[in-house]
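Q: Using the UniProt record's numbering, you'd call the opening residue of the sequence shown number 1 and step up by one each time.
Yeah, the Cβ is synthetic: ideal placement off N, Cα and C, and Gly gets one too.
On a predicted model such as this, the values are computed, not experimentally measured, just so you know.
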Amino acid sequence: MYKGKERKGSSSEWRDAFWNPRTHELLGRTASSWGLILLFYLVFYLFLAGMFVLTMYIMLLTLDDYKPTWQDRLATPGMMIHPKGDQLEITFSVSETESWDRFTQTLNTFLSPYNDSYQVQMNDNCPPDQFFIQEDSGEVRNNPKRSCQFNRSMLEECAGISDRFYGYSRGQPCVLIKLNRVIGMLPGKNGQSPYVTCGAKREDGDKLGPLAYYPPNGTFNLMYYPYYGKKAQVNYTQPLVAVKFLNASVNTDINVECKINSNTLEAGSERDKFAGRVSFKLRINHT
Numbered sequence: 001m002y003k004g005k006e007r008k009g010s011s012s013e014w015r016d017a018f019w020n021p022r023t024h025e026l027l028g029r030t031a032s033s034w035g036l037i038l039l040f041y042l043v044f045y046l047f048l049a050g051m052f053v054l055t056m057y058i059m060l061l062t063l064d065d066y067k068p069t070w071q072d073r074l075a076t077p078g079m080m081i082h083p084k085g086d087q088l089e090i091t092f093s094v095s096e097t098e099s100w101d102r103f104t105q106t107l108n109t110f111l112s113p114y115n116d117s118y119q120v121q122m123n124d125n126c127p128p129d130q131f132f133i134q135e136d137s138g139e140v141r142n143n144p145k146r147s148c149q150f151n152r153s154m155l156e157e158c159a160g161i162s163d164r165f166y167g168y169s170r171g172q173p174c175v176l177i178k179l180n181r182v183i184g185m186l187p188g189k190n191g192q193s194p195y196v197t198c199g200a201k202r203e204d205g206d207k208l209g210p211l212a213y214y215p216p217n218g219t220f221n222l223m224y225y226p227y228y229g230k231k232a233q234v235n236y237t238q239p240l241v242a243v244k245f246l247n248a249s250v251n252t253d254i255n256v257e258c259k260i261n262s263n264t265l266e267a268g269s270e271r272d273k274f275a276g277r278v279s280f281k282l283r284i285n286h287t
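Put into structure tokens, the structure is as follows:
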């Protein structure tokens with residue numbers, strides 16, 4: 001009997017802790033107490049949400065739609081090649097069309113916006129060897145800004161026009177190089193355009209053979225700078241340099257490094273191997 005009463009008392013205490021019919025308390029609080037605490041948290045979280053929205057609004061007021069408010073960048077931009085291949089590796093067999101067909105298709109797609117007819121229609125024929133400066137007039141935006149033509153035909157033997165296979169069918173492949181875009185960068189002075197040079201790494205020095213550069217001397221002409229951003233300069237066409245490997249050794253790996261040379265851009269360091277340069281492996285199989 002005693003144990004039964006004890007169990008009955010424990011059950012009654014548990015029910016009273018959840019809902020007490022005598023005091024009308026739910027979990028130890030009356031309706032007015034629950035109302036006050038819920039009102040407090042409602043006001044508290046609305047205040048936090050309002051502070052967040054106000055902070056975001058003020059931050060957005062400081063942003064410029066056309067130019068980054070804060071721009072933290074490397075002293076020297078990176079470089080990239082096309083076609084990229086797998087992990088910056090260009091390997092193909094001259095006699096096996098399918099091994100290099102994907103490279104030529106990639107180049108065709110990449111170069112389609114550079115077609116001369118499109119460039120003449122969309123962009124300006126700018127005077128070379130000088131920056132194409134387009135300043136705003138106070139609060140008046142000079143947008144959209146114009147861009148200079150980079151015609152596909154400027155790549156000559158690597159344009160895919162006279163040779164639609166870009167030299168891959170003859171074991172003389174073309175590789176396109178571009179310098180990463182940086183808003184406001186002026187990569188040269190005194191009329192001297194930056195230019196690209198490529199060479200084999202030390203262990204492969206005797207394998208590379210002669211190279212041809214297009215445009216001549218492998219230059220990124222000054223007229224394509226400064227770059228004003230994707231939204232301000234909607235038709236901007238990034239300049240390219242094509243490198244043609246005329247007599248590279250076959251059936252062997254060649255480690256190639258291309259780098260930018262400029263009288264304003266700092267040389268890349270070992271700490272950042274992608275600053276102002278790009279390395280890739282080339283292998284031309286010939287059976």
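With DSSP as the reference, label G218 as helix, strand or coil.
A: Of the three classes helix, strand and coil, the one that applies to G218 here is helix, per DSSP.
Q: Using a threshold of 8 Å, state whether the C-beta atoms of Y224 and Q134 are closer than that.
A: no
Q: Can you check which of these residues, D204, G191, G199, is closest to T219 by C-alpha distance?
A: That would be G191, whose Cα lies nearest to the Cα of T219.
Q: Counting C-beta neighbours from all protein chains within 10 Å, is the total for M1 16 or more, i.e. buried, or is it exposed?
A: Low confidence applies to M1: its pLDDT is 48, below 50, so where it sits in the model is not reliable, and the reading given next is rough at best. Around the C-beta of M1, fewer than 16 other C-beta atoms lie within 10 Å, and the residue is accordingly described as exposed.
Q: In the DSSP assignment, the alpha helix (DSSP H) including I58 goes from what residue to what residue?
A: 31-61
Q: Once you ignore the five residues that flank R146 on each side, which residues in its own chain have a CB closer than 6 Å to its CB?
A: D124
Q: Would you call the CB atoms of F280 and I90 closer than 8 Å?
A: yes
Q: Identify which residue in K230, P127, K207 has its Cα closest to the Cα of A248.
A: K207
Q: State the start and end residues of the unbroken alpha helix (DSSP H) segment that holds F110.
A: 97-111
Q: Measure the C-alpha to C-alpha separation of Q119 and C148 and round it to an integer number of angstroms.
A: 8 Å
Q: Using only the alpha-carbon positions, how far apart do S162 and I254 sit?
A: 27 Å
Q: Could you give the residue range of the alpha helix (DSSP H) that holds D116?
A: 116-122
Q: Do you know how far the Cα of N143 is from the Cα of D65?
A: Answer to the nearest angstrom: the Cα atoms are 11 Å apart.
Q: Is M198 helix, strand or coil when you go by DSSP?
A: It is Cys, not Met, that sits at residue 198 in the sequence shown. In the structure shown, C198 sits in a strand (DSSP, three-state: E or B).
Q: Count the C-beta pairs between the region 234-244 and the region 209-219 that are closer than 8 Å, then say yes if the count reaches three, no if not.
A: yes
Q: Note down, in chain order, each residue of its chain lying with its Cβ closer than 7 Å to the Cβ of N108, except the 5 sequence neighbours on either side.
A: G160
Q: Is the separation between the beta-carbon of P194 and that of S262 shorter than 8 Å?
A: yes
Q: Kindly indicate which residue of W100, V256, T55 has the alpha-carbon position closest to the one of R164.
A: W100
Q: Near D204, what residues of its chain come up, given a Cβ to Cβ distance below 6 Å and the 5 sequence neighbours on each side ignored?
A: I254, N255
Q: Name, in chain order, the residues that DSSP records as bridge partners for H82.
A: L176
Q: Can you give the Cα-Cα distance for V250 and N285, rounded to whole angstroms?
A: Taking the straight line from one Cα to the other gives about 5 Å.
Q: Compute the Euclidean distance between the alpha carbons of S112 and K230, then round it to the nearest angstrom.
A: 19 Å
Q: Rounded to whole angstroms, how far is the Cβ of E266 from the Cβ of C198, which I believe are closer than 8 Å?
A: The C-beta distance from E266 to C198 rounds to 19 Å, too long to meet the 8 Å contact threshold.
Q: Please report how far the alpha carbon of E157 lies from the alpha carbon of M122, in whole angstroms.
A: 24 Å
Q: Can you tell me whether L155 is buried or exposed? The criterion is at least 16 other CB atoms within 10 Å of its CB, across all chains shown.
A: Here L155 is buried. Its C-beta has 16 or more other C-beta atoms within 10 Å.
Q: Per DSSP, K259 is paired with what?
A: T197, R277
Q: With DSSP collapsed to three states, give me the class of Y2.
A: Note that Y2 scores a pLDDT of 47, beneath 50, so its modelled location is shaky and nothing firm can be said.
Q: Would you tell me roughly how many angstroms separate the C-alpha atoms of I260 and N217, rounded to the nearest one?
A: 12 Å
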